[in-house]
Amino acid sequence: MTFLAVAAGLALLASQGSTYADDKAAAAVASDDNGKYADKEGNPTFKIQEDGTVDWYTYSGFRRFNSDCFVCHGADGAGSSFAPALANSLKTMTYADFLSIVAEGRKNLSAGKENVMPAFGNNKNVYCYMDDLYVYLRARAVGDLPRGRPAKKEDKPQAAKDAEASCMGG
């Protein structure tokens, strides 16, 4: 099954539910799989320690966002005249919807203005790091991560190294 097929299936499941709202309680860590955190629903989430140290995936998401997404979505996901503030959008966007939109793209027409989100489902620099992007933006959306580069980060777990090598073909 291809990545796009999985994303489309997840989006279909998400669209059958009711209104979604994310917050600090929903984003709370419920499980830890060698440094990759999940909420009680099994969705990727972030972990920020009291001293400000972020988990590796949140830090990686910051880096990936700033290499591929900020040009349209603005610094720290704050939005621009080209694209919405993802730090706001993720407050009401499910994980499945996020995957679907990033993989397949989207076109919005409103008030005579056309906004186009290109599909990144074939861009390894994006799709190999979808969870990282999601947890970074989720941390921004629920207000746990301030603007700017995280000052401290956990070391890169072996699982992240293995996943990267597998996805990037290395």
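Residue numbers (mature numbering (1 follows the signal peptide of the UniProt record, and there is no 0)): -21 to -1, 1 to 149. Ideal Cβ positions, reconstructed from N, Cα and C, are used throughout, including at glycine. The model shown is predicted, which means the values in this text are computed figures rather than measured ones.
C-alpha distance - residue i paired with residue j, whole-angstrom precision
| i | j | result |
| --- | --- | --- |
| His52 | Leu65 | 7 Å |
| Ala138 | Leu88 | 41 Å |
| Arg42 | Lys131 | 13 Å |
| Ala142 | Asn13 | 13 Å |
| Tyr123 | Lys19 | Residue identity differs from the one stated: residue 123 is Asp in this sequence, not Tyr. Their Cα atoms are separated by approximately 18 Å. |
| Ala7 | Phe25 | 8 Å |
| Ala(-11) | Thr73 | Annotation note: pLDDT 47 at Ala(-11) (below 50); position unreliable, coordinate value reported separately. Each residue's alpha carbon lies about 9 Å from the other. |
| Leu78 | Asp30 | 31 Å |
| Gly100 | Glu83 | 6 Å |
| Gly108 | Leu116 | Here the sequence assigns Tyr to residue 108, which means Gly is not the residue at that position. For Tyr108 and Leu116, the distance between alpha carbons rounds to 12 Å. |
| Leu148 | Pro97 | Going by the sequence as given, residue 148 is Gly instead of Leu. In a straight line, the C-alpha of Gly148 is about 23 Å away from that of Pro97. |
| Lys3 | Ala75 | 19 Å |
Residue closest to residue i, alpha-carbon to alpha-carbon, out of the options
| i | options | result |
| --- | --- | --- |
| Pro23 | Ala118, Glu143, Glu83 | Ala118 |
| Ala5 | Asp141, Phe49, Ala120 | Ala120 |
| Asp55 | Ser145, Lys135, Pro129, Cys146 | Pro129 |
| Ser39 | Asp2, Asp134, Ala17 | Asp134 |
| Leu112 | Arg85, Val50, Val81 | Val81 |
Cβ-based neighbour list, residue i, same chain, cut-off 8 Å, excluding 5 preceding and 5 following
| i | result |
| --- | --- |
| Gln(-6) | Since pLDDT at Gln(-6) reaches only 45, below the 50 mark, its modelled position is unreliable, and no value is offered. |
| Thr71 | Thr(-3), Tyr(-2), Ala(-1), Asp1 |
| Leu(-9) | Low confidence applies to Leu(-9): its pLDDT is 45, below 50, so where it sits in the model is not reliable, and the reading given next is rough at best. Cβ neighbours of Leu(-9) beyond the five flanking positions: Ala75. |
Same chain, Cβ closer than 6 Å to residue i, five either side skipped, listed in chain order
| i | result |
| --- | --- |
| Ser10 | Ala17 |
| Gly(-13) | Annotation note: pLDDT 46 at Gly(-13) (below 50); position unreliable, no value reported. |
| Leu69 | Leu116, Arg117, Ala120 |
First and last residue of the uninterrupted beta strand (DSSP E) at residue i
| i | result |
| --- | --- |
| Lys140 | Element bounds for Lys140: not the beta strand (DSSP E) but the alpha helix (DSSP H), 137 to 147. |
| Arg43 | Unbroken run through Arg43 is the alpha helix (DSSP H), 35 to 47; no beta strand (DSSP E). |
| Lys103 | Counting along the chain, Lys103 falls outside any beta strand (DSSP E), though it belongs to the alpha helix (DSSP H) covering 103 to 106. |
| Arg85 | 85 to 89 |
| Ala17 | 15 to 17 |
Anticipated Cβ contact below 8 Å, residue i with residue j, distance rounded
| i | j | result |
| --- | --- | --- |
| Lys103 | Cys48 | Between Cys48 and Lys103 the Cβ distance is about 15 Å, and since that is not below 8 Å, they are no contact. |
| Tyr36 | Val105 | No, Tyr36 and Val105 are not in contact; Cβ-Cβ is about 15 Å, not under 8 Å. |
| Ala57 | Asn94 | Not really, about 16 Å apart at Cβ, beyond 8 Å. |
Residues near residue i by beta carbon distance below 7 Å, same chain, minus five either side
| i | result |
| --- | --- |
| Thr32 | Lys131, Lys132, Glu133 |
| Asp110 | Pro23, Tyr36 |
| Asp34 | Gly14, Tyr16, Phe25, Lys26, Glu133 |
Cβ-heavy atom distance, residue i to the ligand MN, below 7 Å
| i | result |
| --- | --- |
| Tyr74 | For the structure depicted, the ligand MN is absent and the ligand set is empty, with no information on it obtainable. |
Start and end residues, alpha helix (DSSP H) containing residue i
| i | result |
| --- | --- |
| Tyr115 | 109 to 120 |
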